[in-house]
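Asks: FYI, the numbering for the sequence shown is 4 to 354, going by this note's numbering.
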Amino acid sequence: MKSALITGITGQDGAYLAKLLTGKGYSVYGTYRRLSTPNLWRLQDQGVFGKVHLIPADLGDFGSLGEALEVSEPDEIYHLAAQSFVEASFETPVATGDATGLATTRILEAIRQHCPDARFYFAATSEMFGDAGSTLGRPLKETDPFHPMSPYASAKLYGYWLTKTYREAYNFFAVNGILFNHESPLRGLEFVTRKITNEVAKISLRISKKLRLGNLEASRDWGYAPEYVEAMWRMLQSRKPGDYIVATGKSHTVGEFVEKAFEVVGLDWRKHVSVDKRFFRPLDVPTLTGNPSKAKKALGWAPKVVFDDLVSLMVKTEVDRWRRWKKGERFPWDAPNYPSESRILTRTLRM
Ligand code: NAP
Ligand code: F7E
Numbered sequence: 004m005k006s007a008l009i010t011g012i013t014g015q016d017g018a019y020l021a022k023l024l025t026g027k028g029y030s031v032y033g034t035y036r037r038l039s040t041p042n043l044w045r046l047q048d049q050g051v052f053g054k055v056h057l058i059p060a061d062l063g064d065f066g067s068l069g070e071a072l073e074v075s076e077p078d079e080i081y082h083l084a085a086q087s088f089v090e091a092s093f094e095t096p097v098a099t100g101d102a103t104g105l106a107t108t109r110i111l112e113a114i115r116q117h118c119p120d121a122r123f124y125f126a127a128t129s130e131m132f133g134d135a136g137s138t139l140g141r142p143l144k145e146t147d148p149f150h151p152m153s154p155y156a157s158a159k160l161y162g163y164w165l166t167k168t169y170r171e172a173y174n175f176f177a178v179n180g181i182l183f184n185h186e187s188p189l190r191g192l193e194f195v196t197r198k199i200t201n202e203v204a205k206i207s208l209r210i211s212k213k214l215r216l217g218n219l220e221a222s223r224d225w226g227y228a229p230e231y232v233e234a235m236w237r238m239l240q241s242r243k244p245g246d247y248i249v250a251t252g253k254s255h256t257v258g259e260f261v262e263k264a265f266e267v268v269g270l271d272w273r274k275h276v277s278v279d280k281r282f283f284r285p286l287d288v289p290t291l292t293g294n295p296s297k298a299k300k301a302l303g304w305a306p307k308v309v310f311d312d313l314v315s316l317m318v319k320t321e322v323d324r325w326r327r328w329k330k331g332e333r334f335p336w337d338a339p340n341y342p343s344e345s346r347i348l349t350r351t352l353r354m
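1. Please state whether the Cβ-Cβ distance between A121 and I114 is less than 8 angstroms.
2. Given the structure, does I12 come close to the ligand NAP, in the sense that its CB is under 7 angstroms from one of the ligand's heavy atoms?
3. Secondary structure at L160, three-state DSSP: helix, strand or coil?
4. Is there contact between the segment 94-105 and the segment 51-65, where contact requires at least three CB pairs shorter than 8 angstroms?
5. Is A84 a contact residue of the ligand NAP, with contact defined as CB to any heavy atom under 7 angstroms?
6. I need the straight-line Cα distance from L24 to K297, nearest angstrom please.
7. Go through its chain and collect everything with a Cβ distance to R197's Cβ below 6 angstroms, but skip five positions before and after it.
8. For F282, is the beta carbon positioned less than 7 angstroms from some heavy atom of the ligand F7E?
9. Determine the closest residue to E193 out of I58, A91, S30 and A21, with distance taken between C-alpha atoms.
10. If you drop the 5 nearest sequence neighbours on each side, which residues of the same chain put their C-beta closer than 7 angstroms to that of P229?
11. Any heavy atom of the ligand F7E inside 7 angstroms of the beta-carbon of G217?
12. Measure from the alpha carbon of F93 to the alpha carbon of each residue in A204, Y32 and S157, then state which is nearest.
13. Flag this pair as yes or no: are the beta carbons of V278 and V261 separated by less than 8 angstroms?
14. Considering only the alpha carbon of each residue, which of Y35, V314, T320 and P151 lies closest to G258?
15. Kindly indicate which three-state DSSP category N201 falls into: helix, strand or coil?
16. Counting only runs that start and end within the segment 300-327, where is the alpha helix (DSSP H) found for 4 or more residues in a row?
17. Taking I181 as the reference, give the member of D224, L208 and I206 with the closest Cα.
18. Sorry if obvious, but does the Cβ on D16 come closer than 7 angstroms to a heavy atom of the ligand NAP?
19. Which residues does DSSP pair with T290 in a beta bridge?
20. With hydrogens ignored, establish whether the beta-carbon of A221 is closer than 7 angstroms to any heavy atom of the ligand F7E.
21. I'd like the list of long-range same chain contacts for T166, defined as Cβ closer than 6 angstroms, with 5 residues on each side in sequence excluded.
22. For the ligand NAP, any of its heavy atoms closer than 7 angstroms to the Cβ of H117?
23. Rank Q86, L43, Y32 and Y81 by C-alpha distance to the C-alpha of R237 and give the top, closest one.
24. Helix or strand or just coil, what does DSSP make of I110?
25. If we count Cβ pairs, one from each stretch, closer than 8 angstroms, do we get three or more for the segment 278-297 versus the segment 243-256?
26. Let me confirm a value: P244 is counted as buried when at least 16 other C-beta atoms fall within 10 Å, else exposed. Which label applies?
27. Buried or exposed: F282, going by 16 or more other Cβ atoms within 10 Å of its Cβ?
28. Compute the beta-carbon to beta-carbon distance between E130 and Y155, rounded to the nearest angstrom, for a pair I have assumed lies under 8 angstroms.
29. May I ask you to list the residues that DSSP assigns as paired with G33?
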């Protein structure tokens, strides 16, 4: 049985990847960090809470990362943990630089010491391209120039180069997945697609009235997260390590997303949306569209869920959640899911 370690298993992609890998018969380990409110609802949503082994680790703590590798003895490592919210990276640039950038060196060094033969996936991002897409006027390829426009994008670019460096210097099987935006009902509420779909559902059920947003002109290539974690896995199964863009090849503005989301519940967005300066960033990537040809050819990967389906499935899920809430049902994220209920592995338990 293969063993996989997922850093950031409590996040959107972590939960979907844990589901995919447990389904494939992997022994799945994941790192989580202690928070004042446990954040394990996504694992529960995907039915893998209790099936995966949870290891306490923090990106700032080198020893804990080494411990995670020692405990899990992984064949494959998916390094997904990061401060992933672009807006927050302007507010906490140093902490983002550490968690999203420098921590990549920590994990790669820990791998060099503990398990240099393990295959390594780094969660790189379309944000590294910045405004290269507007300049070139076509979907972006792996070979296009990078121009990061946020502390988050700069930190990820550091991680991307480090991953390449360890591949070339130490012959690591290390890949960069350059993933464009991918969304789902498991997205954090601060990201624009989940913020919109959640509020649209509440407005349609008269729980809320107004949706306040920032830059409606920005355009993104939005895909469906469960399909994107499949691409991650495929990258680590390939014969040779490389870097791959994962995207749908089509982009839409935030305004179009809003319009479509209100359409799903039969409402006119103009009556409910206002633009609020607080949600504008000091610098915002205007447009991002990816060309997934390399992933299609080399990995046999192609997206199935496109824009309209994605908006519709996200809105419908939120409507269902809020209907249940109105009937008195508690959200899964309100439930007291303490790690001790799962298969937690700690230093003390191993001693
Ligand atoms: P996410 O939902 O924000 O999950 C991030 C994960 O990192 C969470 O498990 C979080 O733990 C963990 N984490 C953050 N800081 C940490 C720290 N200091 N120590 C330990 N763990 C920490 O992100 P996602 O959407 O699943 O994305 C997964 C990865 O892909 C991220 O690296 C992201 O930057 C990258 N990416 C995402 C997209 C996208 O569109 N989703 C596109 C390209 C790249 P908590 O749950 O405790 O907060
Ligand atoms: O913003 C605009 C905002 O925060 C998308 C992360 O997963 O994908 C994600 O980064 C766009 C931006 O995602 C609001 O200005 C307007 O132009 O959903 P987002 P992101 O910044 O694209 C990349 C690929 C990653 O790697 C990241 O980890 O929407 N926008 N109004 C807004 N955005 C937010 N969050 N909230 C608003 O009210």
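For every residue, glycine included, the Cβ atom is placed at its ideal position computed from N, Cα and C. Since we're looking at a predicted model, the values are computed, not measured.
Replies: On the basis of the coordinates in this document:
1. Working through the sequence shown from its first residue, we reach residue 121 at position 118. Working through the sequence shown from its first residue, we reach residue 114 at position 111. Yes. Within cutoff.
2. Residue 12 sits at position 9 when you count from the first residue of the sequence shown. Because some heavy atom of the ligand NAP lies under 7 angstroms away, the Cβ of I12 counts as near it: yes.
3. Counting from 1 along the sequence shown, the entry for residue 160 is found at position 157. DSSP places L160 in helix when its eight states are reduced to three.
4. yes
5. As a position in the sequence shown, residue 84 is number 81, starting the count at 1. Answer for A84: yes, Cβ within range of the ligand NAP.
6. Locating residue 24 in the sequence shown gives position 21, counting from the first residue. Locating residue 297 in the sequence shown gives position 294, counting from the first residue. Their backbone Cα atoms lie some 23 angstroms apart in a straight line.
7. Here residue 197 refers to the residue found at position 194 of the sequence shown. If we look at R197 and ignore the five residues flanking it on each side, its Cβ neighbours are R190.
8. Position 279 of the sequence shown, counted from the start, is the residue given in the question as residue 282. Checking every heavy atom of the ligand F7E against the Cβ of F282, one is found closer than 7 angstroms.
9. Within the sequence shown, the letter at position 190 stands for residue 193. Nearest option by C-alpha distance: A91.
10. Mapped onto the sequence shown, residue 229 falls at position 226. Correct list, in chain order: Y19 and S187.
11. If you number the sequence shown from 1, residue 217 lands on position 214. For the ligand F7E, at least one heavy atom lies less than 7 angstroms from the Cβ of G217.
12. Residue numbering aside, residue 93 sits at position 90 when the sequence shown is read from its first letter. When only C-alpha atoms are compared, the closest one is S157.
13. Residue numbering aside, residue 278 sits at position 275 when the sequence shown is read from its first letter. Residue numbering aside, residue 261 sits at position 258 when the sequence shown is read from its first letter. For V278 and V261, no; Cβs fall outside 8 angstroms.
14. Start at 1 with the first residue of the sequence shown, and residue 258 comes out as number 255. Nearest option by C-alpha distance: V314.
15. Counted from its first residue, the sequence shown places residue 201 at position 198. In the structure shown, N201 sits in a helix (DSSP, three-state: H, G or I).
16. Segments of the alpha helix (DSSP H) lying fully in the segment 300-327: there are none.
17. Locating residue 181 in the sequence shown gives position 178, where the first residue counts as 1. The shortest Cα separation from I181 among D224, L208 and I206 belongs to D224.
18. For the purposes of this step, residue 16 is taken as the residue at position 13 of the sequence shown. Answer for D16: yes, Cβ within range of the ligand NAP.
19. The residue given as residue 290 occupies position 287 in the sequence shown. Per DSSP, S222.
20. Position 218 of the sequence shown, counted from the start, is the residue given in the question as residue 221. Answer for A221: yes, Cβ within range of the ligand F7E.
21. Start at 1 with the first residue of the sequence shown, and residue 166 comes out as number 163. Cβ within range, chain order: F125, A177 and N179.
22. Taking the sequence shown and counting its residues from 1, the one referred to as residue 117 is at position 114. No; taking the cut-off as 7 angstroms, the Cβ of H117 has no heavy atom of the ligand NAP nearer than that.
23. Here residue 237 is taken as the residue at index 234 of the sequence shown, counted from 1. Ranked by Cα distance from R237, the first of Q86, L43, Y32 and Y81 is Y81.
24. For the purposes of this step, residue 110 is taken as the residue at position 107 of the sequence shown. Helix.
25. yes
26. On the sequence shown, position 241 is the one that residue 244 refers to. Buried, by the Cβ-count rule.
27. The sequence position of residue 282 within the sequence shown is 279, counting from 1. F282 should be labelled exposed.
28. The residue you call residue 130 lines up with position 127 of the sequence shown. The residue you call residue 155 lines up with position 152 of the sequence shown. Indeed they touch by this definition, with Cβ atoms about 6 angstroms apart.
29. Along the sequence shown, read from residue 1 onward, the residue named residue 33 stands at position 30. Answer by DSSP bridge pairing, in chain order: I9 and L57.
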